[in-house]
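Asker: In this text, residue positions in the sequence shown follow my numbering: the first is 2, and each later residue adds one.
For every residue, glycine included, the Cβ atom is placed at its ideal position computed from N, Cα and C.
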Amino acid sequence: MLDIVPRISSEDVSALPAAERLAYLRRAIDGSIIFTHGFGIEGQLIFHWICEGNIDIDVVTFDTGRLFPETYQLWAETERRYGRRIRAIYPNGAALERLVAKQGIDGIYESKQARLACCDVRKTRPLDRALAGAAAWITGLRADQNSNRRDAGLVGFDASRGLLKFNPLFDWTRDAVLAEARRHDVPINALHAKGFVSIGCAPCTRALRPGEPERSGRWWWEQDGSRECGLHLPKRAAG
Ligand code: SF4
2 MLDIVPRISS
12 EDVSALPAAE
22 RLAYLRRAID
32 GSIIFTHGFG
42 IEGQLIFHWI
52 CEGNIDIDVV
62 TFDTGRLFPE
72 TYQLWAETER
82 RYGRRIRAIY
92 PNGAALERLV
102 AKQGIDGIYE
112 SKQARLACCD
122 VRKTRPLDRA
132 LAGAAAWITG
142 LRADQNSNRR
152 DAGLVGFDAS
162 RGLLKFNPLF
172 DWTRDAVLAE
182 ARRHDVPINA
192 LHAKGFVSIG
202 CAPCTRALRP
212 GEPERSGRWW
222 WEQDGSRECG
232 LHLPKRAAG
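1. Select from L17, V156 and Y91 the residue whose C-alpha is nearest the C-alpha of A131.
2. So is the beta-carbon of T140 under 7 Å away from any non-hydrogen atom of ligand 1?
3. Express the C-alpha separation of I34 and R28 in angstroms, rounding to a whole number.
4. What does the Cβ neighbour count give for Q45, buried or exposed, with the cut at 16 atoms within 10 Å?
5. What does DSSP give as the partner residue(s) for I34 in the beta ladder?
6. As a quick exercise: from G32, W221 and K166, pick the residue whose alpha carbon is nearest that of L155.
7. Which same chain residues, not among the five before or five after T72, have their C-beta less than 7 Å away from its C-beta?
8. Between the stretch 103-113 and the stretch 77-91, can you find at least three pairs of beta-carbon atoms closer than 8 Å?
9. Straight-line CA distance for F171 to G141?
10. Measure the CB-CB distance between A136 and I56 and report whether it falls below 8 Å.
11. From which residue to which residue does the alpha helix (DSSP H) around T241 run?
12. Mind listing, in chain order, the residues whose beta carbon lies closer than 6 Å to a non-hydrogen atom of ligand 1?
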């Protein structure tokens, strides 16, 4: 396990502007730092700061194969705007073929187990590959997105992966993120103007109705409140 725990804490960075938190992290950590970008507004703002500050952080995204056309358009627009490629990570081809052969292309609606199997092949296993050997992982998590995320902190430690987890927007509200993105003319997903708030894969994301919580549009057909894809849960043993 990498010796990174004592080098940085939430207290070290909480008083810093979020953009400077990223530079602080880069100075404090020797090994590779991975930012997993999902093209949400938070991620777009973090990517903006990484590019503007020319900070040595590896930016990756998971192309599940089921993203909205608008997300692919935003991906291309973002690369043009910043003149930088965002490294795409794909599901293992054989595992994806086995998944679709077993449960069908839209088997995700049949059971929670089937949905989680899809997230595992298309997102979680690629995440494990992306983070292998990294010293730190940057995410766009915010505390007020849902109850699962409230304890993440600005700086955490993912014991299952043995790396530092850094959430530079943890203490920001969605409105503050949006205002800052607008201030810097950061491109955002065209679906936000159509009522989509948290945007993931197309079959698993819908627009919100007025007053609904931020992540209600994700896996909306599932009844329990712990709806996550697994990216922010402890790593499972290989199997
Ligand atoms: S969000 Fe939906 S389509 Fe995307 S990986 Fe998870 S179950 Fe599959």
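Answerer: Considering the structure as presented:
1. Taking the sequence shown and counting its residues from 1, one reaches residue 131 at position 130. Ranking the options by Cα distance to A131, first place goes to Y91.
2. For this step, residue 140 is matched to residue 139 along the sequence shown. Not so, every heavy atom of ligand 1 lies at least 7 Å from the Cβ.
3. As a first step, residue 28 must be located in the sequence shown, where it is residue number 27. As a first step, residue 34 must be located in the sequence shown, where it is residue number 33. Using only the alpha carbons, I get a separation of about 11 Å.
4. Within the sequence shown, the letter at position 44 stands for residue 45. Result: buried.
5. As a working mapping, residue 34 is identified with position 33 in the sequence shown. Answer by DSSP bridge pairing, in chain order: A137.
6. Numbered from its first residue, the sequence shown carries residue 155 at position 154. Nearest C-alpha to L155: K166.
7. Taking the sequence shown and counting its residues from 1, the one referred to as residue 72 is at position 71. These residues qualify, in order along the chain: F40, N190 and I200.
8. no
9. Position 170 of the sequence shown, counted from the start, is the residue given in the question as residue 171. Position 140 of the sequence shown, counted from the start, is the residue given in the question as residue 141. Spanning the two alpha carbons is a distance of roughly 8 Å.
10. As a working note, residue 136 is residue 135 in the sequence shown. As a working note, residue 56 is residue 55 in the sequence shown. No, they are not a contact pair.
11. No answer is possible for residue 241: it lies beyond the span of the chain, which begins at 2 and ends at 240.
12. T65, R67, I109, R116, C119, C120, R123, K124, G201, C202, P204, C205 and C230
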